[in-house]
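So the sequences go chain by chain: B and C.
For the first sequence, my numbering begins at 62 and goes up steadily by one.
For the second sequence, my numbering begins at 607 and goes up steadily by one.
Here a beta-carbon is modelled for each residue, glycine too, at the ideal position from N, C-alpha and C.
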Amino acid sequence: MTAPVVPSLLHGDVSVGDALPILDYEVTATTVVLGALATRDWRPMHHDKDFAVNRNGTQDIFLNTPNQAAWFERYLTDWTGPHGRLGRVTFRMKGSVFPGDTMTLTGAVEAVDVDAVGCGFVTVAVTLAVAGDAKTTCLARIALPTSPEDNPWVRRGNQWRPSPPAP
Amino acid sequence: MTADLLNQALELVGVEQYPEVGEFPVERGYIWSSCASVENGNPLFWDDHVAEALTDGPIAPPSMVSVWFRPHNWAPGRAEVALPLQVHFNLKALFDLPEAVMTDNTIEFHEPVRIGDVLHTHQVLRSISGDKTTKLGTGRFWVIDVIYANQDGDLVAVESYTGFGYRRDAA
Chain B
62 MTAPVVPSLL
72 HGDVSVGDAL
82 PILDYEVTAT
92 TVVLGALATR
102 DWRPMHHDKD
112 FAVNRNGTQD
122 IFLNTPNQAA
132 WFERYLTDWT
142 GPHGRLGRVT
152 FRMKGSVFPG
162 DTMTLTGAVE
172 AVDVDAVGCG
182 FVTVAVTLAV
192 AGDAKTTCLA
202 RIALPTSPED
212 NPWVRRGNQW
222 RPSPPAP
Chain C
607 MTADLLNQAL
617 ELVGVEQYPE
627 VGEFPVERGY
637 IWSSCASVEN
647 GNPLFWDDHV
657 AEALTDGPIA
667 PPSMVSVWFR
677 PHNWAPGRAE
687 VALPLQVHFN
697 LKALFDLPEA
707 VMTDNTIEFH
717 EPVRIGDVLH
727 THQVLRSISG
737 DKTTKLGTGR
747 FWVIDVIYAN
757 QDGDLVAVES
767 YTGFGYRRDA
777 A
């Protein structure tokens with residue numbers, strides 16, 4: 062018999078206004094290309110600087126959106142631990158992230174709720190910024206265990222409701 | 607003419623288009639490549655004991671859901687580069703809008719994606735705006751949903767894109 066996996070963050074540990082730990086990351090051309098290939102995005106603006114500059118008019122190759130989604134997921138689950146189950150994410154792209162940029166991810170808890178079927182959710186506003194300039198924002202709704210024995214991942218069908226509650 | 611084009615496009619609102627089956631089963635190499643690309647050490651994706659305890663076996667990061675449908679850059683017999691989100695490109699062509707950007711992207715996650723799953727998808731146009739002018743140019747906004755299901759028909763995710771197709775305004 063294997064040992065149980067204990068949650069590192071419970072729903073009750075979180076309050077509106079809580080700040081997530083800041084993540085700084087120095088983006089290189091390798092970061093951009095790794096991210097594009099890992100997301101099966103073969104478009105040249107994510108690996109060919111000449112194309113990016115001369116066809117797209119950007120200063121360099123830049124992070125693609127699906128890879129940014131992966132960065133947001135990593136950032137959120139670094140905080141929640143493996144029990145955190147993403148329910149919903151909304152991205153708004155405002156600018157590009159290039160090699161040489163240091164991207165900074167910050168997050169703040171905007172809402173904490175337990176839905177009609179007893180699943181605990183938190184809503185986190187995450188910003189990916191470069192030198193203080195927001196490049197992408199993300200609003201994420203993520204489930205956390207409501208007790209050490211709870212596990213959001215076991216929810217199926219009608220017991221899993223990732224949409225936010227009606228206002 | 608513009609009204610005709612709009613009516614033509616509006617007839618497709620709510621219609622399921624482009625049903626597709628993933629070109630390959632969900633596999634771990636890509637999951638690890640994705641995690642490595644963002645230095646994601648979540649043990650759910652690296653430690654079988656954790657995956658067994660929490661998700662009854664290994665799963666893929668939810669944010670990877672669209673990865674399983676991006677076509678290979680080349681395939682035998684394929685004459686043209688396959689385009690993901692074909693409805694978006696169809697609208698650009700229909701309205702003769704040479705440029706486009708995605709302004710918003712929402713993904714709602716349902717049943718976890720598991721190793722070996724073969725996912726199915728289809729696209730649904732939800733809405734098209736009238737003519738709009740932004741700092742980019744003049745064009746239209748549209749919302750397209752991409753619905754993902756697994757081989758058992760379980761809903762996996764719904765991804766919603768807001769696109770803006772436009773023509774740069776003359777200086």
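Just confirm the distance between the C-beta atoms of residue i and residue j, as a whole number of angstroms; I'd bet it's less than 8 Å.
i	j	result
Q729 (chain C)	Q614 (chain C)	In fact, because the Cβ distance is near 17 Å, the residues do not count as touching under 8 Å.
T165 (chain B)	A190 (chain B)	5 Å
Y136 (chain B)	G168 (chain B)	7 Å
Are the Cβ atoms of residue i and residue j separated by less than 8 Å?
i	j	result
S643 (chain C)	A131 (chain B)	yes
R732 (chain C)	V621 (chain C)	no
G745 (chain C)	Y767 (chain C)	no
E171 (chain B)	T188 (chain B)	no
K231 (chain B)	G156 (chain B)	Only positions 62 to 228 of chain B appear in this structure, which leaves residue 231 (chain B) out of reach.
P664 (chain C)	F675 (chain C)	no
P160 (chain B)	V93 (chain B)	yes
P226 (chain B)	R149 (chain B)	no
R153 (chain B)	D710 (chain C)	yes
H107 (chain B)	I122 (chain B)	yes
E210 (chain B)	T163 (chain B)	no
N679 (chain C)	W103 (chain B)	yes
I637 (chain C)	P667 (chain C)	yes
Q757 (chain C)	V719 (chain C)	no
H716 (chain C)	P625 (chain C)	no
L200 (chain B)	T151 (chain B)	yes
Is the Cβ of residue i closer than 8 Å to any Cβ of chain C?
i	result
P160 (chain B)	no
N154 (chain B)	Before going on, a small fix: residue 154 (chain B) reads as Met here, not Asn. Yes, M154 (chain B) counts as interfacial toward chain C.
T184 (chain B)	no
G148 (chain B)	yes
A190 (chain B)	no
P206 (chain B)	no
W140 (chain B)	no
P223 (chain B)	yes
N128 (chain B)	yes
P209 (chain B)	no
T198 (chain B)	no
I'd like to know whether the C-beta of residue i is nearer than 8 Å to at least one C-beta of chain B.
i	result
D751 (chain C)	no
P631 (chain C)	no
T727 (chain C)	no
P664 (chain C)	no
L650 (chain C)	yes
N646 (chain C)	yes
V762 (chain C)	no
A755 (chain C)	no
T744 (chain C)	no
V724 (chain C)	no
For residue i, which three-state DSSP category applies?
i	result
A195 (chain B)	strand
H694 (chain C)	helix
W674 (chain C)	helix
I750 (chain C)	strand
N128 (chain B)	helix
T119 (chain B)	coil
T100 (chain B)	coil
E210 (chain B)	coil
P105 (chain B)	helix
E658 (chain C)	helix
E134 (chain B)	helix
I203 (chain B)	strand
V215 (chain B)	helix
Q729 (chain C)	strand
V621 (chain C)	coil
T91 (chain B)	helix
Run down chain D in chain order and give the residues with a C-beta less than 9 Å from the C-beta of residue i.
i	result
P228 (chain B)	Absent from the structure is chain D; the protein chains it does hold are B and C.
Exercise for the section: Using a Cβ-Cβ cut-off of less than 7 Å, give me the residues of the segment 64-96 of chain B that come near chain C, in sequence order. Expected result: Here the close residues are P65, V66, L95 and G96.
Handout entry: Proximal residues, the segment 693-719 of chain C versus chain B, C-beta separation under 9 Å
Key = Under the 9 Å Cβ criterion, the segment 693-719 of chain C contributes V707, M708, T709, D710, N711, T712, I713, E714, F715, H716, E717 and P718.
Practice task
Name, going along the chain, the residues of the segment 102-118 of chain B whose beta-carbon falls closer than 7 Å to a beta-carbon of chain C.
Solution key: Legend: CB atoms of the segment 102-118 of chain B lying less than 7 Å from CB atoms of chain C belong to residues D102 and W103.
Handout entry: Contact residues within the segment 611-640 of chain C, judged by C-beta distance below 8 Å to chain B
Key = Those residues of the segment 611-640 of chain C placed with their C-beta closer than 8 Å to a C-beta in chain B are Y636, S639 and S640, ordered along the chain.
Exercise for the section: Please list the residues of the segment 729-741 of chain C that have a C-beta atom closer than 7 Å to any C-beta atom in chain B, keeping them in chain order. Expected result: Cβ contacts with chain B come from no residue of the segment 729-741 of chain C.
Problem - Residues of the segment 673-691 of chain C whose Cβ lies closer than 7 Å to any Cβ of chain B, in chain order - result: Of all residues in the segment 673-691 of chain C, V673, R676 and N679 have a Cβ within less than 7 Å of some Cβ in chain B.
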